[in-house]
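A.B. asks: Before we start, here is the structure in question, set down as structure tokens.
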């Protein structure tokens with residue numbers, strides 16, 4: 001281990017973008033450690049990632065973002081990392097924001113530093129259905145956790161050692177980002193949103209179609225209400 005920080009990149013069939021993402025991260029923070037979680041890809045994602053000398057965690061079949069991220073957190077926990085970063089493999093998250101997000105984490109500003117598209121005006125433009133979903137999720141998170149979070153579905157996140165250990169033991173499956181926020185708040189963890197830019201995909205296409213967007217909103221809302229009561233609620237740490 002050459003760094004106290006691990007960047008986790010969950011990847012499923014991202015052969016067109018994974019190399020550029022790794023290079024971009026190293027341009028911003030040359031010494032950071034990187035682990036690509038190859039989530040059962042059927043293309044050359046694992047082969048291309050391995051050329052860059054990063055850790056490649058190969059899953060035998062596609063388990064989804066939840067299982068992929070928990071694999072990354074388990075790896076970070078076992079290896080003793082103090083901080084872990086989640087960043088997308090499609091190039092939408094700008095690594096130029098990463099040093100600033102990490103500095104907030106190192107300053108102890110929060111257990112999770114959430115890269116947000118909505119805490120101030122950015123170039124990002126979402127679809128009508130996504131905006132409706134964001135409003136709904138933000139309201140649900142506030143109702144269930146007591147904290148207002150504007151960008152509940154952002155996958156650009158930095159967490160500290162405490163959260164690495166928590167997520168190693170439990171991480172929501174299938175569209176986990178919103179539920180993970182409520183879970184952390186119920187565990188007494190602190191979450192801080194920091195503005196970041198969102199770029200266009202550098203390759204491939206989104207798996208979230210308009211029809212799937214409706215399914216996504218309903219499924220996540222149901223999961224929140226079904227799961228929240230089994231999370232023990234503790235006092236937030238100072």
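Numbering (this note's numbering), first residue to last: 1 to 238. Even glycine gets a Cβ: it sits at the ideal position worked out from N, Cα and C. The structure displayed is predicted, hence computed values, not measured ones.
(1) Measuring only from the beta carbon, is residue 107 closer than 7 Å to any heavy atom that is part of the ligand ATP?
(2) Give the DSSP-derived three-state secondary structure of residue 117 in the structure shown.
(3) Which word fits residue 80, buried or exposed, when buried means at least 16 other C-beta atoms lie within 10 angstroms of its C-beta?
(4) Among 195, 219 and 160, which one has its Cα closest to the Cα of residue 172?
(5) Mind pulling the beta strand (DSSP E) runs of 3 or more residues that sit fully within the segment 17 to 98?
(6) Pairing CB atoms from the segment 37 to 52 with CB atoms from the segment 108 to 119, are three or more of them under 8 Å?
(7) Does the beta-carbon of residue 241 have 16 or more other beta-carbons within 10 angstroms, so that it is buried, or is it exposed?
(8) According to the neighbour-count rule (16 or more other Cβ atoms, all chains shown, within 10 Å of its Cβ), is residue 226 buried or exposed?
(9) Using beta-carbon positions only, say whether residue 182 and residue 89 come within less than 8 Å of one another.
(10) So, for residue 151: in the same chain, excluding its five sequence neighbours on each side, which residues have a beta-carbon less than 6 Å away from its beta-carbon?
(11) Tell me where the beta strand (DSSP E) around residue 193 begins and ends.
(12) With C-beta atoms as the reference, is residue 159 less than 8 Å away from residue 198?
(13) Who does residue 198 pair with in a DSSP beta bridge?
(14) Cβ atoms of residue 167 and residue 153: under 8 Å apart, would you say?
(15) Figure out for me which residue from 161, 178 and 184 has the closest Cα to the Cα of residue 5.
(16) In this structure, how does DSSP classify residue 107 when only helix, strand and coil are distinguished?
(17) Give me, in chain order, the residues of the same chain whose beta-carbon lies closer than 8 Å to that of residue 165; leave out the 5 immediate sequence neighbours on both sides.
(18) If you follow the alpha helix (DSSP H) that residue 182 is in, where does it begin and where does it stop?
(19) In three-state terms, what does DSSP make of residue 248?
(20) For the candidate residues 120, 142 and 157, whose alpha-carbon lies nearest to that of residue 8?
(21) Nearest by alpha-carbon distance to residue 241: which of 188, 175 and 215 is it?
(22) How about residue 192 and residue 114: are their beta carbons less than 8 Å apart?
C.D. replies: Per the coordinate set shown:
(1) The model on display carries no ligand, and the ligand ATP is accordingly not part of it.
(2) DSSP, reduced to helix, strand and coil, places residue 117 outside both helices and strands of the structure shown, so it counts as coil.
(3) Classification of residue 80: exposed, given that the 10 Å Cβ count is below 16.
(4) 219
(5) 33 to 39, 55 to 59 and 83 to 86
(6) no
(7) In this structure the chain extends from 1 to 238, so residue 241 is not present and cannot be described.
(8) exposed
(9) no
(10) The beta carbon of residue 151 lies closer than 6 Å to those of 116, 117 and 118 in the same chain, with the five residues before and after it left out.
(11) Residue range 191 to 195 is occupied by the beta strand (DSSP E) that includes residue 193.
(12) No. Outside cutoff.
(13) 93
(14) no
(15) 161
(16) coil
(17) 77
(18) 177 to 186
(19) No information on residue 248 is available, as it lies outside the stretch 1 to 238 that the chain covers here.
(20) 157
(21) The question about residue 241 has no answer, for the chain in this structure spans 1 to 238.
(22) yes
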